[in-house]
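All remarks here apply to the structure that follows.
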Amino acid sequence: MRPFFFFSLLIWLFTLGVVTHLPAQTQIQPSAFLTFPDEQLRVFNAGSDIPNQLVTGPNDMLIDIYRRNFIQNFFPFEWRIEVSRIDTEWHPDLRLEVRRSGNGQGFYSIPTGGEVYQTIAPTPSLLMEGVGYRVDIPLQFRIRGCSVTLPAKTYQTTILLTLVEP
Amino acid sequence: MGKCYFLAFVVLCVVTTNAAGQQDLGMEVSFTLPETALVRLEPNNSTIQLALTPPSEAGARPEVGAEAVDRSKWINYTSAITEDGPLRRISAELIESNLPEGISLTLEATPDQGSGAGRLGIPSGRITLSESPRTIISQIGGAYTGEGTNRGHQLIYSLRVDDWSEIPSTGAFLARVLFTITD
Chain A
1332 MRPFFFFSLL
1342 IWLFTLGVVT
1352 HLPAQTQIQP
1362 SAFLTFPDEQ
1372 LRVFNAGSDI
1382 PNQLVTGPND
1392 MLIDIYRRNF
1402 IQNFFPFEWR
1412 IEVSRIDTEW
1422 HPDLRLEVRR
1432 SGNGQGFYSI
1442 PTGGEVYQTI
1452 APTPSLLMEG
1462 VGYRVDIPLQ
1472 FRIRGCSVTL
1482 PAKTYQTTIL
1492 LTLVEP
Chain B
3 MGKCYFLAFV
13 VLCVVTTNAA
23 GQQDLGMEVS
33 FTLPETALVR
43 LEPNNSTIQL
53 ALTPPSEAGA
63 RPEVGAEAVD
73 RSKWINYTSA
83 ITEDGPLRRI
93 SAELIESNLP
103 EGISLTLEAT
113 PDQGSGAGRL
123 GIPSGRITLS
133 ESPRTIISQI
143 GGAYTGEGTN
153 RGHQLIYSLR
163 VDDWSEIPST
173 GAFLARVLFT
183 ITD
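In order, the protein sequences belong to chains A and B.
Under this note's numbering, residues 1332 to 1497 are what the first sequence spells out, in order.
Under this note's numbering, residues 3 to 185 are what the second sequence spells out, in order.
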């Protein structure tokens, strides 16, 4: 009986270990496309400029951080999010910024960092860090420097969120 | 038994080992700055009054005095152009006029007053208004003048007498001016 028990225990622990030997995952809701309302890009009166900044809603973009093995989400794991951008068609006068506009929900302490808007540069910088399962962390984005003095065209860039487990 | 405990210990080490890793997630950002061309008169497009000064002595010629000049209007504009797009201009034309022969209405735009930014336009100097569009400001790129009076370009309207013999002794006349911003 005892060998059977230990053999079963080993099989169970091995399976658990294999499955949980996986890094944390992150995903974005509702989509991976950032858009701004048209009225933020419109000039209403002759003589005036475009509003200098475009801003998304405080809850338009949510990110989740979790482990694929549901059981493992009950255990703490350290993580941090770094942010950078890769330009396709950009202008040096434009500044893309991000901040964490809420705490989300999770089992452990709230994330730290990212409460104040910070510029998203081509090189990675720390946005926030935390412990354990955390979902619905809201991010708010802002673009400053918009003006009619810039060429009229479509501007594009890709924001890269990197989840790092130390 | 000892082997089982050893194997259990090894597996427990595997279970509690955190997998260090890194994952990238991309988010596309896209927005379009639209082409824009807006022009407006300030403080409003109300009627202005110009008059020839009547002579003070019999036999004297009427004068083109201060009442024949108006500086109350300003022109504001906003322009957004593409990178390779043509520069813009503002033209003026008479669309309704019963000015008598011998009198012309001239218009001149002053240089921009400096409340805006970008590639602001260059005045063309004094022009004589007619039913054909005449450029009063040219070389406008991506720019805005600011809103209101004392912003943008001041407009100077004036009467010019071309032939005194054609001017009727009395009368009131109307001229309506249309401003257009174009490529």
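Just so you know, even glycine gets a beta-carbon here, dropped at the ideal spot from N, CA and C.
All figures in this text were calculated on a predicted structure; none of them were measured in a lab.
Beta-carbon of residue i versus every beta-carbon of chain A: anything under 8 Å?
{"i": "T38 of chain B", "result": "yes"}
{"i": "F33 of chain B", "result": "yes"}
{"i": "V179 of chain B", "result": "no"}
{"i": "E85 of chain B", "result": "yes"}
{"i": "Q24 of chain B", "result": "yes"}
{"i": "L27 of chain B", "result": "yes"}
{"i": "A94 of chain B", "result": "no"}
{"i": "E149 of chain B", "result": "yes"}
{"i": "G116 of chain B", "result": "no"}
{"i": "R73 of chain B", "result": "no"}
{"i": "S81 of chain B", "result": "yes"}
{"i": "E110 of chain B", "result": "no"}
{"i": "G123 of chain B", "result": "no"}
{"i": "A70 of chain B", "result": "no"}
{"i": "R153 of chain B", "result": "yes"}
Helix, strand or coil for residue i, going by three-state DSSP, please let me know.
{"i": "R1399 of chain A", "result": "coil"}
{"i": "L1492 of chain A", "result": "strand"}
{"i": "W1421 of chain A", "result": "coil"}
{"i": "I1441 of chain A", "result": "coil"}
{"i": "F33 of chain B", "result": "strand"}
{"i": "N1383 of chain A", "result": "coil"}
{"i": "R1333 of chain A", "result": "helix"}
{"i": "D26 of chain B", "result": "strand"}
{"i": "V16 of chain B", "result": "Note that V16 of chain B scores 49 on pLDDT, short of 50, meaning its location in the model is unreliable; the coordinates nonetheless yield the value given after this. Helix at V16 of chain B."}
{"i": "Q1436 of chain A", "result": "strand"}
For residue i, count neighbouring Cβ atoms within 10 angstroms of its own Cβ and tell me buried if that reaches 16, exposed if not.
{"i": "D1380 of chain A", "result": "buried"}
{"i": "T38 of chain B", "result": "buried"}
{"i": "I1468 of chain A", "result": "buried"}
{"i": "S81 of chain B", "result": "buried"}
{"i": "D114 of chain B", "result": "buried"}
{"i": "I1396 of chain A", "result": "buried"}
{"i": "E103 of chain B", "result": "exposed"}
{"i": "R178 of chain B", "result": "exposed"}
{"i": "P125 of chain B", "result": "buried"}
{"i": "R91 of chain B", "result": "buried"}
{"i": "G123 of chain B", "result": "buried"}
Out of the options, state which residue places its alpha-carbon closest to the alpha-carbon of residue i.
{"i": "K1423 of chain A", "options": "A:L1365, A:A1355, A:M1392 and A:C1477", "result": "In the sequence as displayed, the identity of residue 1423 of chain A is Pro instead of Lys. Among A:L1365, A:A1355, A:M1392 and A:C1477, the Cα nearest to that of P1423 of chain A is on A:C1477."}
{"i": "A174 of chain B", "options": "B:A53, B:G123 and B:V41", "result": "B:A53"}
{"i": "L189 of chain B", "options": "B:T84, B:Q25, B:G23 and B:N78", "result": "Because chain B in this structure spans residues 3 to 185, residue 189 of chain B falls outside the shown range and cannot be described."}
{"i": "S74 of chain B", "options": "B:I50, B:I97, B:G120 and B:I83", "result": "B:I50"}
{"i": "E1370 of chain A", "options": "A:A1363, A:F1364, A:G1378 and A:L1385", "result": "A:L1385"}
{"i": "K1484 of chain A", "options": "B:E85, B:G28, B:S93 and B:L101", "result": "B:E85"}
{"i": "T108 of chain B", "options": "B:F181, B:Y159 and B:W76", "result": "B:Y159"}
{"i": "G1378 of chain A", "options": "B:S132, B:I142, B:V71 and B:L27", "result": "B:I142"}
{"i": "G116 of chain B", "options": "B:A70, B:A94 and B:T147", "result": "B:T147"}
Please tell me whether residue i has its Cβ less than 8 Å away from any Cβ of chain B.
{"i": "F1401 of chain A", "result": "no"}
{"i": "L1492 of chain A", "result": "yes"}
{"i": "Y1397 of chain A", "result": "no"}
{"i": "Q1471 of chain A", "result": "no"}
{"i": "V1479 of chain A", "result": "yes"}
{"i": "Q1356 of chain A", "result": "yes"}
{"i": "A1452 of chain A", "result": "no"}
{"i": "I1381 of chain A", "result": "yes"}
{"i": "L1365 of chain A", "result": "yes"}
Can you find a heavy atom of the ligand GTP that lies under 7 Å from the Cβ of residue i?
{"i": "S1432 of chain A", "result": "What this structure holds is no ligand at all, so the ligand GTP is not there to describe."}
Inset, instruction - Note down, one range per segment and in chain order, each beta strand (DSSP E) of at least 3 residues found wholly within the region 98–141 of chain B. - result: Every beta strand (DSSP E) stretch that sits fully inside the region 98–141 of chain B and reaches 3 residues is listed by chain position as 105–111.
Inset, instruction - Could you name each continuous alpha helix (DSSP H) segment of 4 residues or more that falls completely within the region 1446–1483 of chain A, going from the start of the chain to the end? - result: No alpha helix (DSSP H) of 4 residues or more sits fully in the region 1446–1483 of chain A.
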